[in-house]
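Enquirer: Listed in order, the protein sequences are those of chains A and Y.
Using the numbering used here, read the first sequence as starting at 437 and increasing by one per residue.
Using the numbering used here, read the second sequence as starting at 3 and increasing by one per residue.
Glycine is no exception: its CB is placed at the ideal position from the N, C-alpha and C atoms.
For reference, the structure I am asking about is given below.
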Amino acid sequence: MKQSITLDYTLPEGCLQPHFEALRRGEALASKCGACGHVAFPARVLCADCGSDALGWVTLPGTARVSCRTGGAEKGVALVRFDGADAMSTVALKNPEIAGETGKLSVPENSEAGLWLLLDTVTAKGDGNV
Amino acid sequence: MLNDVKIAGGAMTPFNRRKDGSSFRDWSRTAVSGALKDASLEPRDIDMLVVASESDFFTLQLNPAALLADECGLFGVAAQRAEGGGASGHVAFHAGVAALAGGMAKRVLVLGVEPSASHLKGADVGALYALSFDAWTDGMTGVDATSLYALSAQMFMQRTGAKHADFAQIAVRNRQNAGLNPYAHLPLDVSIDDVVSSTLVAAPYHRLDCSPLSDGAAALILARAKDLPQNGQTRASVKGLGNSTDRVRLGERSDPGYFAGKREASRRAFSMAGVEVTDIGLAEVYDSYSGAQLQALEALGLVEDVVAAERSGMFAADGAMPVNLSGGLLGQGAPVGATGVAQVIAAALQLEGRYWGLRPAKAARFALVDTHGGIATLNTVSILEAP
Ligand SMILES: [Zn+2]
Chain A
437 MKQSITLDYT LPEGCLQPHF EALRRGEALA SKCGACGHVA FPARVLCADC GSDALGWVTL
497 PGTARVSCRT GGAEKGVALV RFDGADAMST VALKNPEIAG ETGKLSVPEN SEAGLWLLLD
557 TVTAKGDGNV
Chain Y
3 MLNDVKIAGG AMTPFNRRKD GSSFRDWSRT AVSGALKDAS LEPRDIDMLV VASESDFFTL
63 QLNPAALLAD ECGLFGVAAQ RAEGGGASGH VAFHAGVAAL AGGMAKRVLV LGVEPSASHL
123 KGADVGALYA LSFDAWTDGM TGVDATSLYA LSAQMFMQRT GAKHADFAQI AVRNRQNAGL
183 NPYAHLPLDV SIDDVVSSTL VAAPYHRLDC SPLSDGAAAL ILARAKDLPQ NGQTRASVKG
243 LGNSTDRVRL GERSDPGYFA GKREASRRAF SMAGVEVTDI GLAEVYDSYS GAQLQALEAL
303 GLVEDVVAAE RSGMFAADGA MPVNLSGGLL GQGAPVGATG VAQVIAAALQ LEGRYWGLRP
363 AKAARFALVD THGGIATLNT VSILEAP
């Protein structure tokens with residue numbers, strides 16, 4: 437038998453709504469622990485380090501350095517550390533054809549979920565970013 | 003802690019991509035009747051059913067435990083469904099042991115089933131599997147399982163010096179091990195060159211480094227010795243269980259290349275079993291990807307230097323600790339809910355000296371079974387003892 441279902445979800449983001457709203461604007465809104473100062477990006481509802489729920493918001497510059505990456509020219513995924521964050525993040529690469537080691541948080545297309553990173557284009561000398 | 007819980011019998015269907023028009027209900031019936039026959043029991047002897055199935059998206063059947071109890075002739079049993087991502091089958095096994103240990107049941111049938119291959123297109127299955135991670139930050143971004151495993155493997159390689167050739171050797175050996183397993187999905191005779199020249203999916207992983215999507219079912223029966231024919235004296239016993247979670251987001255782990263949750267699950271299982279690492283004579287380990295087998299063996303604490311041990315041949319059939327003689331997920335296949343159940347069956351039958359596939363050069367007294375969901379996010383370890 438054949439069966440096809442189209443499921444159209446609406447997912448409330450709860451306590452993390454400010455984080456996801458910021459992502460859709462291309463802004464890196466992280467959670468910061470009021471007890472130990474740990475900065476989490478993507479944001480968390482509980483501190484990953486000490487478990488405290490006394491979290492506030494802090495805006496990061498959105499720049500990141502790539503630790504390792506995989507995938508091909510069409511699709512890329514990387515583990516990166518956003519400047520100001522205390523842990524790494526997994527991101528989808530917006531321009532995986534680029535071999536850059538740094539990048540900036542990017543507005544996702546079509547309000548997609550998650551973190552998208554636009555890699556910086558390395559200059560011919562390989563010693564800077566444009 | 004555990005007193006005399008036996009694996010009374012087990013059976014599985016072939017793991018493969020079904021093209022014969024049979025349904026997951028058919029496979030379930032085959033596995034259940036096979037397990038009952040193997041245990042010399044009747045359906046009426048079973049008082050509890052635990053069904054492992056990762057996702058209703060695969061079966062398109064909610065409340066599957068009630069349906070499968072009905073379809074398999076286990077009328078009126080207590081029934082539940084257990085789930086833990088890729089570890090669902092092994093989690094169901096633990097749930098069955100817990101029900102026995104807690105006096106809630108006398109004879110438990112654990113049934114794992116999944117139509118992971120034939121029901122949906124591969125890309126749709128991949129999109130569903132991606133929801134095994136933090137769906138909001140990873141799965142919905144299109145960050146897929148292979149990419150996350152690849153990133154973790156890269157970190158493991160950086161720390162340990164493991165090379166892709168080490169991973170490829172595992173991809174080759176597990177397929178060769180599967181060659182004697184009549185139920186295996188991929189009993190392939192491939193070379194390291196074949197692995198390296200297969201399509202690059204996500205570096206370091208090539209197509210042949212990845213386990214397949216499979217259809218199939220596996221079932222086993224648990225009971226105390228006193229509740230079994232001949233007191234189950236020819237059957238393996240359950241000695242220790244351990245389960246532990248790790249941080250869901252890969253980036254939040256202190257070393258994304260180390261399976262810390264598996265380390266803890268293993269420690270708990272050894273502690274309950276009261277045995278030492280050196281007592282383990284063989285292992286069935288969760289090799290969703292070739293490199294993940296090495297990462298698992300490292301975290302399980304079975305050896306000091308896992309890369310050196312791999313290169314020394316320790317994990318081959320004639321090595322000191324044969325691993326995945328069934329072929330593992332890479333060779334035997336991976337119908338998710340059935341995977342962990344089949345791993346336990348393989349280990350138990352090896353200990354009983356009646357395994358249908360490749361056997362170790364030296365009979366083992368204790369065997370370890372390891373399964374996980376996510377990327378070693380939910381980890382399940384069991385230690386079994388020979389009769
Ligand atoms: Zn804190």
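Mind checking whether the beta-carbon of Cys-472(A) lies closer than 6 angstroms to any heavy atom of ligand 1?
Expert: Within the first sequence, the letter at position 36 stands for residue 472(A). Under cutoff, so the answer is yes.
Enquirer: Assuming contact is defined by CB atoms lying nearer than 7 angstroms, are Gly-342(Y) and Gly-78(Y) in contact in what I supplied?
Expert: In the second sequence, counting from the first residue as 1, residue 342(Y) sits at position 340. In the second sequence, counting from the first residue as 1, residue 78(Y) sits at position 76. Going by beta carbons, Gly-342(Y) and Gly-78(Y) fall outside the 7 angstroms limit.
Enquirer: What does the Cβ neighbour count give for Leu-447(A), buried or exposed, with the cut at 16 atoms within 10 Å?
Expert: Position 11 of the first sequence, counted from the start, is the residue given in the question as residue 447(A). Exposed, since its Cβ has fewer than 16 Cβ neighbours within 10 Å.
Enquirer: Pairing CB atoms from the segment 42-58 of chain Y with CB atoms from the segment 91-111 of chain Y, are three or more of them under 8 angstroms?
Expert: With the cut-off at 8 angstroms, the segment 42-58 of chain Y and the segment 91-111 of chain Y touch.
Enquirer: For Ser-488(A), is the beta carbon positioned less than 6 angstroms from some heavy atom of ligand 1?
Expert: In the first sequence, residue 488(A) corresponds to position 52, counting from 1. Because some heavy atom of ligand 1 lies under 6 angstroms away, the Cβ of Ser-488(A) counts as near it: yes.
Enquirer: In three-state DSSP terms, what is Trp-138(Y)?
Expert: Counted from its first residue, the second sequence places residue 138(Y) at position 136. Residue state, collapsed to three classes: coil.
Enquirer: At 4 residues or longer, what runs of the alpha helix (DSSP H) sit wholly inside the segment 313-353 of chain Y?
Expert: 330-333
Enquirer: Can you find a C-beta in chain Y that's less than 7 angstroms from the C-beta of Glu-533(A)?
Expert: Taking the first residue of the first sequence as 1, we reach residue 533(A) at position 97. No, Glu-533(A) does not count as interfacial toward chain Y.
Enquirer: I think Leu-529(A) touches Val-513(A), with their Cβ atoms under 8 angstroms apart; what is that distance to the nearest whole Å?
Expert: Taking the first sequence and counting its residues from 1, the one referred to as residue 529(A) is at position 93. Taking the first sequence and counting its residues from 1, the one referred to as residue 513(A) is at position 77. 7 angstroms between Cβ atoms; contact.
Enquirer: Going along the segment 155-168 of chain Y in order, which residues come within less than 7 angstroms of chain A, judged by CB to CB distance?
Expert: Gln-156 and Met-157
Enquirer: Bridge partners for Cys-504(A) per DSSP, in chain order?
Expert: Position 68 of the first sequence, counting from 1, holds the residue named residue 504(A). DSSP, once it has assigned bridges, lists Leu-515(A) as partnering Cys-504(A).
Enquirer: Can you tell me the Cβ-Cβ gap for Ser-268(Y) and Gly-234(Y), rounded? I've got them flagged as a contact below 8 angstroms.
Expert: Within the second sequence, numbered from 1, the residue matching residue 268(Y) stands at position 266. Within the second sequence, numbered from 1, the residue matching residue 234(Y) stands at position 232. With a Cβ gap of about 26 angstroms, Ser-268(Y) and Gly-234(Y) do not count as contacting.
Enquirer: Report yes if the CB atom of Tyr-207(Y) is closer than 7 angstroms to the CB atom of Thr-162(Y), and no otherwise.
Expert: Translated into positions along the second sequence, residue 207(Y) becomes position 205. Translated into positions along the second sequence, residue 162(Y) becomes position 160. Taking 7 angstroms as the Cβ cut-off, Tyr-207(Y) and Thr-162(Y) do not qualify as a contacting pair.
Enquirer: Closer than 6 angstroms: is that where the CB of Cys-451(A) sits relative to any heavy atom of ligand 1?
Expert: Position 15 of the first sequence, counted from the first residue, corresponds to residue 451(A). No, the Cβ of Cys-451(A) stays beyond 6 angstroms of every heavy atom of ligand 1.
Enquirer: Given a limit of 8 angstroms on CB to CB distance, which residues of the segment 366-380 of chain Y reach chain A?
Expert: none
Enquirer: So if I threshold CB-CB distances at 9 angstroms, which residues from the segment 195-207 of chain Y count as touching chain A?
Expert: Leu-202, Val-203, Ala-204, Ala-205, Pro-206 and Tyr-207
Enquirer: So, is the C-beta of Met-524(A) closer than 7 angstroms to a C-beta in chain Y?
Expert: The residue given as residue 524(A) occupies position 88 in the first sequence. It does: the Cβ of Met-524(A) has a partner Cβ on chain Y nearer than 7 angstroms.
Enquirer: State the beta-bridge partners of Ile-385(Y) as determined by DSSP.
Expert: The residue you call residue 385(Y) lines up with position 383 of the second sequence. Beta-bridge pairing links Ile-385(Y) to Gly-242(Y) and Leu-370(Y).
Enquirer: Could you run through the segment 245-258 of chain Y and flag, in chain order, every residue whose CB is less than 8 angstroms away from some CB of chain A?
Expert: Arg-249, Arg-251, Leu-252, Gly-253, Glu-254 and Pro-258
Enquirer: Would you kindly work out how many angstroms separate the C-alpha atoms of Gly-564(A) and Lys-540(A), rounded to a whole number?
Expert: The residue given as residue 564(A) occupies position 128 in the first sequence. The residue given as residue 540(A) occupies position 104 in the first sequence. With a pLDDT of only 48 at Gly-564(A), under the threshold of 50, the placement of this residue in the model should not be trusted, and no figure is reported.
Enquirer: Helix, strand or coil: which one does DSSP assign to Gly-564(A)?
Expert: On the first sequence, position 128 is the one that residue 564(A) refers to. Bear in mind that a pLDDT of 48 at Gly-564(A), under 50, signals an unreliable position, so the model cannot answer this.
Enquirer: Counting along the chain, where does the beta strand (DSSP E) carrying Leu-188(Y) start and finish?
Expert: The residue you call residue 188(Y) lines up with position 186 of the second sequence. No beta strand (DSSP E) contains Leu-188(Y), which DSSP labels as neither H nor E.
Enquirer: Ends of the alpha helix (DSSP H) at Glu-73(Y)?
Expert: Along the second sequence, one-based indexing puts residue 73(Y) at 71. Run containing Glu-73(Y): 66-73, per the alpha helix (DSSP H) assignment.
Enquirer: Under three-state DSSP, which class holds Ser-467(A)?
Expert: Counting from one through the first sequence, the residue named residue 467(A) turns up at place 31. Reduced to three states, the DSSP call for Ser-467(A) is strand.
Enquirer: Closest Cβ-Cβ distance between Leu-529(A) and chain Y: below 7 angstroms?
Expert: Here residue 529(A) refers to the residue found at position 93 when the first sequence is read from its first residue. It does not: the Cβ of Leu-529(A) has no partner Cβ on chain Y nearer than 7 angstroms.
Enquirer: What does His-455(A) pair with, by DSSP beta-bridge criteria?
Expert: To locate residue 455(A), count along the first sequence from 1; it is residue 19. None, per the DSSP bridge assignment.
Enquirer: For Lys-241(Y), is the classification buried or exposed, using 16 other Cβ atoms within 10 angstroms of its Cβ as the cut-off for buried?
Expert: Taking the first residue of the second sequence as 1, we reach residue 241(Y) at position 239. Its Cβ being crowded by 16 or more others within 10 Å, Lys-241(Y) is buried.
Enquirer: For ligand 1, is there any heavy atom lying closer than 6 angstroms to the beta carbon of Asp-211(Y)?
Expert: Reading the second sequence from its first residue, position 209 is the one you call residue 211(Y). Outside the cutoff, so no.
Enquirer: Taking only the alpha-carbon atoms, compute the straight-line gap between Ala-318(Y) and Met-14(Y) and give it to the nearest angstrom.
Expert: Mapped onto the second sequence, residue 318(Y) falls at position 316. Mapped onto the second sequence, residue 14(Y) falls at position 12. For Ala-318(Y) and Met-14(Y), the distance between alpha carbons rounds to 24 angstroms.
Enquirer: Among Val-371(Y), Arg-251(Y), Glu-354(Y) and Gln-297(Y), whose alpha-carbon lies nearest the alpha-carbon of Ala-523(A)?
Expert: By 1-based counting over the first sequence, the position of residue 523(A) is 87. The residue with the shortest Cα to Cα distance from Ala-523(A) is Arg-251(Y).
Enquirer: If you draw a straight line from the C-alpha of Gly-12(Y) to the C-alpha of Met-437(A), how long is it?
Expert: Along the second sequence, read from residue 1 onward, the residue named residue 12(Y) stands at position 10. Along the first sequence, read from residue 1 onward, the residue named residue 437(A) stands at position 1. Distance from the CA of Gly-12(Y) to the CA of Met-437(A), rounded to the nearest whole angstrom, comes to 31 angstroms.
Enquirer: Quick one: using the 10 Å Cβ neighbour count with 16 as the cut-off for buried, is Lys-8(Y) buried or exposed?
Expert: Reading the second sequence from its first residue, position 6 is the one you call residue 8(Y). Buried is the call here.
Enquirer: Considering Cα atoms alone, identify which of Ala-363(Y), Leu-331(Y) and Leu-353(Y) is closest to Arg-372(Y).
Expert: For the purposes of this step, residue 372(Y) is taken as the residue at position 370 of the second sequence. Inspection of the sequence shows that residue 372(Y) is occupied by Asp rather than by Arg. Among Ala-363(Y), Leu-331(Y) and Leu-353(Y), the Cα nearest to that of Asp-372(Y) is on Leu-331(Y).
Enquirer: Kindly indicate the opening and closing residues of the alpha helix (DSSP H) around Glu-548(A).
Expert: As a position in the first sequence, residue 548(A) is number 112, starting the count at 1. From DSSP, Glu-548(A) is part of no alpha helix (DSSP H); its letter is neither H nor E.
Enquirer: Quick one: using the 10 Å Cβ neighbour count with 16 as the cut-off for buried, is Pro-478(A) buried or exposed?
Expert: Within the first sequence, numbered from 1, the residue matching residue 478(A) stands at position 42. Buried, since its Cβ has 16 or more Cβ neighbours within 10 Å.
Enquirer: For Gly-562(A), count neighbouring C-beta atoms within 10 Å of its own C-beta (all shown protein chains included) and say buried if the count is 16 or more, exposed if not.
Expert: Within the first sequence, residue 562(A) is the residue found at index 126, counting from 1. Note that Gly-562(A) scores a pLDDT of 49, beneath 50, so its modelled location is shaky; the value from the coordinates is reported in the next line. By the C-beta density criterion, Gly-562(A) is exposed, having fewer than 16 other C-beta atoms within 10 angstroms.
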